[in-house]
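Q: One structure, as structure tokens, below. Some questions next.
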Amino acid sequence: MRSITISSSNGFVDFMKFKIAARHISYRTLFHAILILACLLPFVFIVTALVTLEGVNKCSSFDCLGRRLGPKLLGRGEDSGRLVSELYKTLNQVNSVEVPNDLKLPENFRQLVTEMKDNKYDAKEFAVILKGMMERSEKEIRESKFAELMNKHFAASSIPKGIHCLSLRLTDEYSSNAHARRQLPSPELLPVLSDNTYYHFILSTDNILAASVVVTSTVQSSSKPDKIVFHVITDKKTFAGMHSWFALNPSSPAVIEVKGVHQFDWLTRDNVPVLEAVENHHGVRNYYHGNHLAGANLSDTTPRSFASKLQARSPKYISLLNHIRIYLPELFPHLDKVVFLDDDIVIQRDLTPLWEVDLGGKVNGAVETCKGDDTWVMSKRFRTYFNFSHPLISKNLDPEECAWAYGMNIFDLRAWRMTNIRETYHTWLKEVSRNSVAIKELEFKFDIMETGYSTPALISFRGHVQPIDPSWHMLGLGYQNKTNVESVKKAAVIHYNGQSKPWLEIGFDHLRPFWSKFVNYSNDFVKNCHILE
-5 MRSITISSSN
5 GFVDFMKFKI
15 AARHISYRTL
25 FHAILILACL
35 LPFVFIVTAL
45 VTLEGVNKCS
55 SFDCLGRRLG
65 PKLLGRGEDS
75 GRLVSELYKT
85 LNQVNSVEVP
95 NDLKLPENFR
105 QLVTEMKDNK
115 YDAKEFAVIL
125 KGMMERSEKE
135 IRESKFAELM
145 NKHFAASSIP
155 KGIHCLSLRL
165 TDEYSSNAHA
175 RRQLPSPELL
185 PVLSDNTYYH
195 FILSTDNILA
205 ASVVVTSTVQ
215 SSSKPDKIVF
225 HVITDKKTFA
235 GMHSWFALNP
245 SSPAVIEVKG
255 VHQFDWLTRD
265 NVPVLEAVEN
275 HHGVRNYYHG
285 NHLAGANLSD
295 TTPRSFASKL
305 QARSPKYISL
315 LNHIRIYLPE
325 LFPHLDKVVF
335 LDDDIVIQRD
345 LTPLWEVDLG
355 GKVNGAVETC
365 KGDDTWVMSK
375 RFRTYFNFSH
385 PLISKNLDPE
395 ECAWAYGMNI
405 FDLRAWRMTN
415 IRETYHTWLK
425 EVSRNSVAIK
435 ELEFKFDIME
445 TGYSTPALIS
455 FRGHVQPIDP
465 SWHMLGLGYQ
475 NKTNVESVKK
485 AAVIHYNGQS
495 KPWLEIGFDH
505 LRPFWSKFVN
515 YSNDFVKNCH
525 ILE
């Protein structure tokens, strides 16, 4: 409020009050406003003039003017919208058109633009050429993916130079060094091999380096290493090298026995007729060792399905060492309970408490593979392994039944000896062998089994499996590089099942250290063979 005094000429003084709203506008604000208007007005003038020339003056309402001005101000005109609409229409028409086989397609985008200028293609011709280029790219990418999977399969099936060198050098050492040939275990420890007060581990492998990691990690992680007995089973060609390694590198105080399959009197042709047939039958061997791409119809196969089929056709699955576990009760007649380990695992926690797990009268304590956060690894049910379109399978099995994992299993051999698991295994293995030979040689599935190595075991142990806590056994470290590292650190046993084994170059770099820390790089044989350099 401001008070203003007004004096009259007659001497009377009147006071009048005026209410004036005080509104302060700074000079800086006014200057900025004028400056913005000065910039916008020429632009608005030009746009208005252009719109007027295009017929905006025919609009009879402000709304009409807004509709015409809006796209101009936003950089979108009627012409561009019409062009997009015509393009969609053309692409929909071409979607059902087959690209001619003799159509010469540009090699790249630059060549496409050049040919468009030179030949003045219409919209439909351009769309057909674009579709051909896209289909060609998709085909090349798909073929590259399958080729990558094949190369990875060959890499996973091969023996690295360093590991082959290690086996050769140790075999030579066995023939020239008496200490490498010393009895394992020493004579005074032989009674321990059948003593059920000890913790007996069984490992079947022809990979010396992998065997050393399994044994070393088990002993170092145990709270009772002096009570551990390892029974290492290998084939005849690897026996000398495997024996040399553990003779020269004892894992004291644990007891180590190395035995070749040729040293088991029970493993005769009469007792193992199916396996003998599997290893010698030309058709079966060609199924596992043959060309997996030639003649195959890859157009109906996804890369993920193809990778699973390749995994199932690994040559190791027709090796006697892979099937030896089904004969444990006969090979170790004096033992009551054992833990069977694969050679691609690492022990990170004491496993002796497994002997206290109540199996409820069952034979096989195993981790189920149908439950877990990892949907790629822990989503395996019977439908994953069996072809339920086959009447024999659909009649006898449930597709939703949960599968379980090999790799770390606690077996009650006393309960096992009272079952017909071995006979059932032989029966179904014959079916796998018969059907894998009867179908076309290069098809990518069995007639009965979708995958070949574990399916007979899944059937044989039905009703004899006791699920154990998943923390005992973590799978999938050889399948994918998205494995949660924190979960790996917490697991008692980590399993590199899959193609990307840690001793191969295709192994995942961030997961390999969990395995390689148990490799004795100071060993002369390892150094001279340049293992994992």
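Read in order, the letters of the sequence shown are residues -5 to 527 in our numbering. All residues carry an ideal CB built from backbone N, CA and C; glycine is no exception.
1) Considering Cα atoms alone, identify which of Ser238, Lys253, Val249, Ser245 is closest to Asp229.
2) Between Trp349 and Tyr193, how many whole angstroms is the CB-CB distance? I'm expecting something under 8 Å.
3) Strictly by DSSP, which residues pair up with Cys396?
4) Enumerated in chain order, which unbroken segments of the alpha helix (DSSP H) with a length of 4 residues or greater are wholly contained in the region 322 to 386?
5) Go through its chain and collect everything with a Cβ distance to Asp220's Cβ below 6 Å, but skip five positions before and after it.
6) Apart from the five residues just before and just after Ala234, which ones in its own chain have a Cβ nearer than 8 Å to its Cβ?
7) Taking the alpha-carbon positions, what's the Asp338 to Ile500 distance?
8) Measure the alpha-carbon distance for Tyr379 versus Glu394 and round it to whole angstroms.
9) Going by DSSP, name the residue or residues bridged to Asn403.
10) Tell me the residue span of the beta strand (DSSP E) that contains Gly254.
11) The alpha helix (DSSP H) that contains Ile453, what's its start and end?
12) Go ahead and label Gly359 buried or exposed: buried means 16 or more other beta carbons lie within 10 angstroms of its beta carbon, across all protein chains shown.
13) Specify whether the region 117 to 129 and the region 467 to 480 touch according to this definition: at least 3 beta carbon pairs, one from each stretch, less than 8 Å apart.
14) Quick check: what's the CA-CA separation for Lys511 versus Ala174?
15) If you compare alpha carbons, which of Arg263, Val255, His225 is closest to Ser245?
16) Find out if the Cβ-Cβ distance for the pair Val340, Trp509 is shorter than 8 Å.
17) Just tell me which of Ser217, Val213, Ser188, Met236 has its CA closest to the CA of Asp200.
18) Between the region 98 to 107 and the region 83 to 90, can you find at least three pairs of beta-carbon atoms closer than 8 Å?
19) Can you say whether Gly472 is buried or exposed, counting buried as having 16 or more other CB atoms within 10 angstroms of its CB?
20) I believe Ala150 touches Gln493 by the beta-carbon criterion, under 8 Å. Please report the beta-carbon distance rounded to the nearest angstrom.
21) Hey, Asn190 and Leu315: beta-carbon distance below 8 Å or not?
22) Bridge partners for His467 per DSSP, in chain order?
23) With burial defined as no fewer than 16 other Cβ atoms inside 10 Å of the residue's Cβ, what is the status of Ala172: buried or exposed?
24) Candidates Asn265, Gly354, Phe382, Ile404: which alpha carbon is nearest Leu197's?
25) For Val223 and Leu187, which I take to be in contact (beta-carbon distance under 8 Å), what is that distance rounded to the nearest angstrom?
26) DSSP three-state call for Asp518: helix, strand or coil?
27) Starting from the N-terminal side, write out each stretch of the alpha helix (DSSP H) that is 4 residues or longer and does not extend beyond the region 101 to 175.
28) What does the Cβ neighbour count give for Gln342, buried or exposed, with the cut at 16 atoms within 10 Å?
29) Give the straight-line distance between the Cα atoms of Ala451 and Ser481, rounded to the nearest whole angstrom.
30) Taking the continuous beta strand (DSSP E) assigned at Ile196, which residues delimit it?
31) May I ask you to list the residues that DSSP assigns as paired with Thr228?
32) Looking only at its own chain, which residues have a Cβ that is under 6 Å from the Cβ of Phe526, when we skip the five neighbours before and after it?
33) Using 8 Å as the threshold, is the C-beta distance between Ile202 and Trp260 below it?
34) Alpha carbon to alpha carbon, how far is Lys389 from Asn265? Give it in angstroms, no decimals.
35) DSSP three-state call for Gln474: helix, strand or coil?
36) Helix, strand or coil for Gln87? Go by DSSP, reduced to three states.
A: So, from the data block:
1) Lys253
2) 6 Å
3) Arg375
4) 322 to 325, 376 to 379
5) Pro247
6) Leu164, Thr165, Tyr168, Ser169
7) 14 Å
8) 11 Å
9) Phe334
10) 249 to 254
11) 449 to 454
12) buried
13) no
14) 25 Å
15) His225
16) yes
17) Met236
18) no
19) buried
20) 4 Å
21) no
22) Paired residues: none, contrary to the question.
23) exposed
24) Ile404
25) 6 Å
26) helix
27) 103 to 113, 117 to 151, 155 to 170
28) buried
29) 28 Å
30) 193 to 198
31) Gly254
32) Sequence inspection shows Leu at residue 526; the Phe mentioned does not correspond to that position. Contacts found: none.
33) no
34) 29 Å
35) coil
36) helix
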